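Right, one structure below, let's go through it.
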Amino acid sequence: MSDCIFCEIVKGRIPSIRVYEDDNFLVFLDINPVTSGHCLIITKNHYKTTSEVPDELLAKALPLAKKLAKAALAGVGAEAYNLISNNGRTSGQEIDHWHLHIIPRRNREELPLKTGEPADLTKLPFVADAIRSNL
Ligand code: AMP
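In structure tokens:
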């Protein structure tokens, strides 16, 4: 047994409700769904966060998310969805194997995403500079 639950799911040693599979990705239902139809796209290979996933795989991940989201919305009768990727413990990532949540939404209350406080506009250019200088 590997230490990684999602690697075990890929190998079929831990059961999952599979929705889709190809050479690179597996999609299955989240065992603790935020809403009905909540699924997870995972890479078949083990990468911890988005930063580790090769660019060519990431380029395939969003088109796949688009396809799965469309199917999920039609399948469970939802009108909107969130795509969420937690990267690192501080962000809320619990399983250290890259995954993208697709969460169908019927109303805003299902997933209260809090927005931040209004920014100090005099500081934002410096924040942008700090990010740009690390690109
Ligand atoms: P995250 O906090 O982004 O790492 O989310 C991990 C997600 O994996 C959570 O929503 C869990 O409910 C889900 N999860 C954990 N174990 C399983 C499992 N065996 N089958 C399906 N989903 C799982």
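Every position in the sequence shown, counted from 1, becomes a number in my numbering once 236 is added.
Glycine is no exception: its CB is placed at the ideal position from the N, C-alpha and C atoms.
No experiment lies behind these values; they were computed from the predicted model shown.
When the alpha-carbon of S321 is set against those of S252, A297, R254, the nearest one is in A297. Taking 7 Å as the cut-off, the beta carbon of A366 is found no closer than this to the beta carbon of R341. Not one heavy atom of the ligand AMP sits closer than 6 Å to the Cβ of D259.
The C-beta separation of L336 from L276 comes to about 7 Å, placing the pair in contact by the 8 Å criterion. In this structure, K280 lies near V246, with their beta-carbon atoms less than 7 Å apart. Looking at the backbone, the Cα of V255 and that of F264 are separated by about 5 Å. For L319, the enclosing beta strand (DSSP E) stretches over residues 316-320. In this structure, DSSP gives V363 a helical state, which the three-state scheme calls helix. Residue burial annotation: I278 is buried, with at least 16 other C-beta atoms found within 10 angstroms of its C-beta. Relative to the non-hydrogen atoms of the ligand AMP, the Cβ of S327 never comes closer than 6 Å to any of them. For S252, the distance from the CB to the nearest heavy atom of the ligand AMP is below 6 Å.
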